[in-house]
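Trainee: First residue of the sequence shown: -17, per the working numbering; consecutive thereafter.
Have a look at this one before I ask anything.
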Amino acid sequence: MGKPTILLGPPGVSKSRVVRKLAAAVGWQHVQRYQADASADGQFAGTSKGWSNTEASVPARAVLASKTANPLVFIDEIDKAASSQTHGSLFNSLLSFLEQETAKNYRDQSTDCEFDFSAVSFICTANDVSVLPSHLRDRFRVVKVPAPRLVEPAVAGGFDHRRHAARGRMGRVRRSVRAGRAERHGEGLAGARHVDARALQKIVRATLEARDTNAMRH
């Protein structure tokens, strides 16, 4: 297992997309996603087989679905997980999977089987790691994903690429936003240090749509 990693950055900087790209580049055939802000915290470690709706732990589901010992478990927005202990704690549950000794011999309560999770990789995304318990945060490598500036050509080009891809033309897409044009789009924000990425997307989208509309009129 590689060192568990947290991608830290503001909303809208495509942290989840980075995880998907990384998984494809590394060759992970299966990515088990867990949305921390939309799940009951007890679900991560699974539920007892005595329950009618019993469910295996997230790492067990990843291993079983991938039929490999080293799938990727992706925890999205780990900092949004509830801190209450009422229904179990994601933070406490996660520790058992991050410790090599316990991960090697983990008995899943739903399947009542022993698993070796020592080769499972964990990647999380977060907007703020200060809310995580220190004993959990210390077990992660934190990689900062900064907010882009519109003056960066790759950013504007990437937004344009996604816009075309969403229209079903990914195979034929041509990045029409060139370096010089991207710089012109971002002249007004050239000095900005902290710009919301979703706001940048809206600006680029509006600019490109206006360009397309004008092009059709001529």
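We treat Cβ as the ideally placed atom computed from N, Cα and C, and that holds for glycine.
#1: With a CB to CB cut of under 7 Å and the five nearest residues on each side skipped, what residues in its chain are close to D90?
#2: Can you tell which of T93, S92, R121 and V125 has its C-alpha closest to the C-alpha of A108?
#3: According to the neighbour-count rule (16 or more other Cβ atoms, all chains shown, within 10 Å of its Cβ), is P53 buried or exposed?
#4: Thinking just about the alpha-carbon of each residue, which of S112, R2 and K49 is nearest to the one in F99?
#5: Using a threshold of 8 Å, state whether the C-beta atoms of D61 and V111 are closer than that.
#6: At the level of alpha carbons, what is the spacing between S78 and T(-13)?
#7: Where do the N-terminal and C-terminal ends of the beta strand (DSSP E) with L(-11) fall, by residue?
#8: Exposed or buried, Q14, counting other C-beta atoms within 10 Å across all chains shown (16 or more means buried)?
#9: Judging by CA-CA distance, which residue of V8, C106, W33 and F73 is the nearest neighbour of H117?
#10: Would you mind listing the beta strand (DSSP E) stretches within the region 81 to 107 that are 3+ residues and don't spill past its ends, in chain order?
#11: Return the Cβ separation of L76 and F26 in integer angstroms, given the expectation that the two are a contact with Cβ distance under 8 Å.
#12: Measuring only the C-alpha atoms, how far is A63 from I57?
#13: Could you check where the beta strand (DSSP E) with V124 kicks off and where it finishes?
#14: Closer than 6 Å by C-beta to R156: which residues in its own chain qualify, once you throw out the five before and the five after it? Chain order, please.
#15: Which residue marks the beginning of the beta strand (DSSP E) containing L118, and which one marks its end?
#16: By DSSP, does G26 sit in helix, in strand, or in coil?
#17: Is D110 helix, strand or coil by DSSP?
#18: If you run the structure through DSSP and keep just helix, strand and coil, what is V(-5)?
#19: Would you decide whether C106 is buried or exposed? Buried here means 16 or more other CB atoms lie within 10 Å of its CB.
#20: Going by the DSSP bridge assignment, what does Q14 pair with across the sheet?
#21: Just the C-alpha distance for V55 and A44, rounded to the nearest angstrom, thanks.
#22: When DSSP labels each residue in this structure, what does N74 get in the three-state scheme?
#23: Mind checking V(-5): buried by the 16 CB within 10 Å criterion, or exposed?
Mentor: Taking the definition as stated:
#1: Here D90 has G28, A38, S39, A42 and F97 as same chain residues with Cβ atoms under 7 Å from its own Cβ, once five neighbours each way along the sequence are excluded.
#2: Cα-wise, what sits closest to A108 is V125.
#3: When all chains shown are included, P53 counts as buried.
#4: Comparing Cα-Cα distances from F99 to each of S112, R2 and K49, the minimum goes to K49.
#5: Between D61 and V111, the C-beta gap is smaller than 8 Å, which places the two residues in contact.
#6: Annotation: S78 to T(-13) spans about 16 Å, alpha carbon to alpha carbon.
#7: Membership of L(-11) in the beta strand (DSSP E) is indicated by the continuous run T(-13) to L(-10).
#8: Looking at its Cβ environment, which holds 16 or more other Cβ atoms inside 10 Å, Q14 is buried.
#9: For the options V8, C106, W33 and F73, the alpha carbon positioned closest to that of H117 is the one of F73.
#10: Within the region 81 to 107, complete beta strand (DSSP E) segments of at least 3 residues are found at 88 to 90 and 95 to 97, given in chain order.
#11: About 7 Å separates the beta carbons of L76 and F26, which is inside the 8 Å limit, making them a contact pair.
#12: Computed Cα separation, rounded: 10 Å.
#13: It spans R123 to K126 - the beta strand (DSSP E) in which V124 sits, taken as one unbroken run.
#14: Residue placement at R156 is poorly supported in this model, since its pLDDT is 45, which falls under 50; the coordinates still yield a value, given next. Hits under 6 Å: none found.
#15: Careful: L118 lies outside any beta strand (DSSP E), inside the alpha helix (DSSP H) at S116 to R119.
#16: According to the sequence provided, residue 26 is Phe. The question's Gly does not apply to it. Three-state result, F26: coil.
#17: Three-state DSSP puts D110 in coil, outside helix and strand.
#18: The three-state reading of DSSP puts V(-5) in coil, since its state is none of H, G, I, E or B.
#19: Its Cβ being crowded by 16 or more others within 10 Å, C106 is buried.
#20: Under DSSP, Q14 takes part in a beta bridge, and its partners are V55.
#21: Spanning the alpha carbons of V55 and A44 requires a straight line of approximately 7 Å.
#22: It is helical.
#23: Buried: at least 16 other Cβ atoms inside 10 Å.
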